[in-house]
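Peer 1: Position one of the sequence shown corresponds to residue 534 (our numbering), numbered consecutively onward.
Would you mind keeping the following structure in view while I ask a few things?
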Amino acid sequence: MILPDASLDQLFRTARTFNGYLDQPVGEDEFLAIWELMKMGPTSMNSLPARMVWCASDAAKDKLAALAIGGNADKIRKAPACVIIGMDVDFHEQLPELFPHAPGAKAMFPDRAAREVMALRNSSLQGAYFIMAARALGLDTGPMSGFDNTAVDAAFFTETPHVKSNFISTLGYGDPASLHPRSPRPEFGKFNRID
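What follows is the structure, given as structure tokens:
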């Protein structure tokens with residue numbers, strides 16, 4: 534079944550990346566609702582390597598903003614919430630629970646470098662599901678990569694050194710006044726081919 538145009542608009546065509554938000558709070562109810570949707574998106578072997586830190590307090594946002602680059606710090610501080618999308622390099626430890634029909638799956642990942650590639654790929658997918666889940670629930674996001682990954686890992690993942698930051702995103706109800714004109718979106722033929 535094809536979604537109606539209004540849904541496609543909300544998820545894709547008129548959805549935007551926001552730089553600022555309305556003075557409207559978001560909290561645990563929204564975080565849980567987003568997670569309940571995003572966890573359903575596919576990942577390799579149901580590995581679900583994303584580890585999320587939902588920075589809702591001013592203290593948490595200030596801590597994260599201090600590790601951001603340029604104007605991203607101000608965006609983080611002013612957003613109702615900010616989310617660190619991390620990746621668990623030891624995701625394979627969870628496979629006996631998450632991928633139970635293949636009891637030997639954990640043993641397939643002895644190489645850390647290979648796990649890092651898989652964790653990055655699949656946590657990135659989960660980060661995209663986070664964006665789409667937020668949009669589906671009427672929220673907006675501002676994903677960004679302008680921050681010191683090593684410092685964020687030290688500040689937020691000290692007790693879980695096998696978890697590394699992938700990217701971060703602001704979260705809230707977007708303020709249309711903060712938008713720039715939409716950047717170009719090329720036609721199919723520019724970046725695609727059919728063989």
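Beta carbons: idealized from backbone N, C-alpha and C, even for Gly.
For clarity, every value in this text was computed on a predicted model and none was experimentally measured.
So, Gly560 versus Ala589, is the Cβ gap smaller than 8 Å?
Peer 2: Walking along the sequence shown from the start, residue 560 turns up at place 27. Walking along the sequence shown from the start, residue 589 turns up at place 56. Yes, the Cβ-Cβ distance between Gly560 and Ala589 is below 8 Å.
Peer 1: Within the same chain, show all residues whose beta-carbon is closer than 6 Å to that of Ile664, passing over the 5 residues directly before and after it, in chain order.
Peer 2: By 1-based counting over the sequence shown, the position of residue 664 is 131. Counting only Cβ-Cβ distances below 6 Å, and skipping sequence neighbours, we find Thr674.
Peer 1: Does the distance from the C-beta atom of Gly707 to that of Phe564 stay below 8 Å?
Peer 2: Residue mapping note: residue 707 aligns to position 174 of the sequence shown, counting from 1. Residue mapping note: residue 564 aligns to position 31 of the sequence shown, counting from 1. Result no, Cβ atoms of Gly707 and Phe564 do not sit closer than 8 Å.
Peer 1: Between Val586 and the rest of its own chain, which residues show a CB-CB distance below 6 Å, the 5 nearest in sequence each way excluded?
Peer 2: Sequence index remark: in the sequence shown, residue 586 carries index 53 (1-based). Ile617 and Phe689, listed in sequence order.
Peer 1: Tell me which residues share the same chain as Val685 and place their Cβ nearer than 8 Å to its Cβ, disregarding the 5 neighbours each side in the sequence.
Peer 2: Translated into positions along the sequence shown, residue 685 becomes position 152. Same-chain partners within the cutoff: Leu597, Leu600, Ile617, Ser698 and Ile701.
Peer 1: Per DSSP, Phe734 is paired with what?
Peer 2: Residue 734 lies beyond the range of the chain shown here (534 to 728); nothing can be said about it.
Peer 1: What separation, rounded to the nearest whole angstrom, lies between the Cα atoms of Asn579 and Phe624?
Peer 2: Indexing the sequence shown from 1 puts residue 579 at position 46. Indexing the sequence shown from 1 puts residue 624 at position 91. Those two C-alpha atoms are separated by around 10 Å.
Peer 1: Taking 8 Å as the limit between beta carbons, can you name the residues of its chain near His713, skipping five residues before and five after?
Peer 2: Stepping through the sequence shown from its first residue, residue 713 is reached at position 180. Once the five neighbours on either side are set aside, the close Cβ partners of His713 are Asn552.
Peer 1: When DSSP builds the beta bridges, which residues end up paired with Tyr554?
Peer 2: In the sequence shown, the residue the question calls residue 554 occupies position 21. Gly707.
Peer 1: Below 8 Å on the Cβ atoms is my contact criterion, and I expect Ala614 with Leu704 to pass it. Report the Cβ-Cβ distance as a whole number of Å.
Peer 2: Start at 1 with the first residue of the sequence shown, and residue 614 comes out as number 81. Start at 1 with the first residue of the sequence shown, and residue 704 comes out as number 171. So it is a contact: roughly 5 Å between Cβ atoms.
Peer 1: Scan the region 641 to 704 and note each continuous beta strand (DSSP E) run of 3 residues or more that stays entirely inside, going in chain order.
Peer 2: Fully enclosed beta strand (DSSP E) runs of 3 or longer: 673 to 677.
Peer 1: Give the straight-line distance between the Cα atoms of Asp591 and Ala606, rounded to the nearest whole angstrom.
Peer 2: Taking the first residue of the sequence shown as position 1, residue 591 is located at position 58. Taking the first residue of the sequence shown as position 1, residue 606 is located at position 73. Their backbone Cα atoms lie some 13 Å apart in a straight line.
Peer 1: Going by DSSP in three states, Met571 sits in which element: helix, strand or coil?
Peer 2: Stepping through the sequence shown from its first residue, residue 571 is reached at position 38. Three-state DSSP puts Met571 in a helix.
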